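Undergrad: Numbering (UniProt numbering), first residue to last: 1 to 352. Where is the CB? At the ideal position from N, CA and C, for every residue including glycine. Treat the numbers as computed from the prediction; the structure is a model and nothing was measured.
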């Protein structure tokens, strides 16, 4: 099995991905009874899964600036003469223990360096906003550095179970497999994904199970034909748009991508797919990071959209984005991967 790939930096174009096609409206009807519906991300909806409500509650807490900053940064943030008003307005509940963020003890990255990197991300986002960057430039200048900071670097462990990958020029090869795409729209792609790195799992049965599944599925254990990802279960999608980009278009692309993902999982797990309550996603409109999710019942996929949890043009907003990403990383490791091991890899009573 290959080692997990790192975050790539390549280039994507709307023309190559088919994104210039007319945008469908919901509901989207597909082959063999498949359909995609849209619902507002409303926890009061009677079909809203309790597990999704729990995650949304945590994102709402993050949006309220609670538990978004490692405690080790408190002295540098509260230093006399702090010029950043958004930091001066913080309350004590904004801080949380470092281990909540997966920070490596005794990291060579100091609190000052950490804060400087966050401030640089804000500077990049403001520049992109002011200069009217297109989607590719936002990805290259802002979103990729944000994900690299959130998941890579001296302050984070090298052997993480959940990692991130960006798709740009090579996204032509990152399409869902045709067998799982059931709708009369171009094959949908997303800009980034969080994936599971199975070799980090301490369960020694995993490598053989991955190998068997890969052989059975002609070389890939996820719903795409993208070879660099073939050994990795996909957990979370991130679709990006420039400032002023079409929300409906982002919703349709995300929903279609998720529908293919669900069909893949359903083919392998059968009715046990009902034990996976939702799949999460993020739609980024320039500086605004919004949470979305999909649920599945039979051949019906429902997109629940959306909830703003972070804004890249303020320092506190970047801390919220990073905290939100780590909450979704936790979901990937603690909910999605155990379900995948049990019902896709067929490792009952899985350990590790």
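1) Could you tell me if the beta carbon of residue 295 falls within a distance shorter than 6 Å of some heavy atom in the ligand COA?
2) Quick one: grab the DSSP three-state call for residue 70.
3) Quick one: what's got a C-beta closer than 8 Å to residue 347's C-beta in the same chain, skipping five residues either side?
4) Since residue 301 sits in a beta bridge, which residues does DSSP pair it with?
5) Identify the residues that DSSP records as bridge partners of residue 239: which are they?
6) Mind checking which residues open and close the beta strand (DSSP E) that includes residue 315?
7) Measure the C-alpha to C-alpha separation of residue 247 and residue 262 and round it to an integer number of angstroms.
8) Rounded to a whole number of angstroms, what is the C-alpha to C-alpha distance between residue 166 and residue 191?
9) For the alpha helix (DSSP H) that contains residue 124, what are its first and last residues?
10) Classify residue 225 as helix, strand or coil using the three-state DSSP reduction.
11) Only counting the same chain, and skipping five residues up and downstream in sequence, which positions put a Cβ closer than 8 Å to that of residue 82?
12) Just tell me which of 281, 183, 285, 314 has its CA closest to the CA of residue 27.
13) Is the stretch 33 to 53 touching the stretch 292 to 308 in the sense that three or more CB pairs, one from each, lie closer than 8 Å?
14) Over the uninterrupted beta strand (DSSP E) stretch that includes residue 196, give me the two end residues.
15) Any chance the stretch 60 to 75 sits against the stretch 93 to 104, with 3 or more Cβ pairs inside 8 Å?
16) Check whether the Cβ atoms of residue 124 and residue 135 lie closer than 7 Å to each other.
TA: Well, looking at it:
1) The ligand COA is not part of this structure, which contains no ligands at all.
2) Here residue 70 sits in strand by DSSP.
3) Excluding positions up to five away in sequence, the list reads 203, 205, 206, 209, 341.
4) In the DSSP output, where bridge partners are listed per residue, residue 301 has 36, 296.
5) The partner list for residue 239 (beta bridge, DSSP) reads 283.
6) In the DSSP assignment, residue 315 falls outside any beta strand (DSSP E) and lies within the alpha helix (DSSP H) extending over 315 to 331.
7) C-alpha separation (whole angstroms): 22 Å.
8) At residue 166 the pLDDT is 49, less than 50, meaning the model places this residue with poor confidence and gives no usable figure here.
9) For residue 124, the enclosing alpha helix (DSSP H) starts and ends at 111 to 131.
10) Correct three-state label for residue 225: coil.
11) If we look at residue 82 and ignore the five residues flanking it on each side, its Cβ neighbours are 88.
12) In this structure, 183 is the residue among 281, 183, 285, 314 with its C-alpha nearest to the C-alpha of residue 27.
13) Touching, per the Cβ criterion.
14) Residues 192 to 196.
15) These segments touch.
16) In this structure, residue 124 lies away from residue 135, with their beta-carbon atoms at least 7 Å apart.
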